[in-house]
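Residue numbers (the numbering used here): 2 to 77.
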């Protein structure tokens, strides 16, 4: 009789966990975010390498540094 009291209080396992399709959707979303993160990190690495190459060419580097200042003088 004691065992029956406990079994009536227990929640079915299905109610403790989200449905499989919800879990699958969350897992897919995580994979997409990880892929996006990898892509952004790769782009940052490429940009950092290119910036090092630009820095070696004085004229290109000087022009690159002037650009933000030239754009800031525009009237809005």
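No residue lacks a Cβ here, since even glycine has one placed at the ideal position from N, Cα and C. Small disclaimer: the values here were computed from a predicted structure and weren't measured.
DSSP on residue 18, reduced to helix/strand/coil? coil
Where does residue 39 fall in DSSP's three states? helix
C-alpha gap between residue 47 and residue 41, whole angstroms: 10 Å
With DSSP run on the structure shown, which of helix, strand or coil describes residue 58? coil
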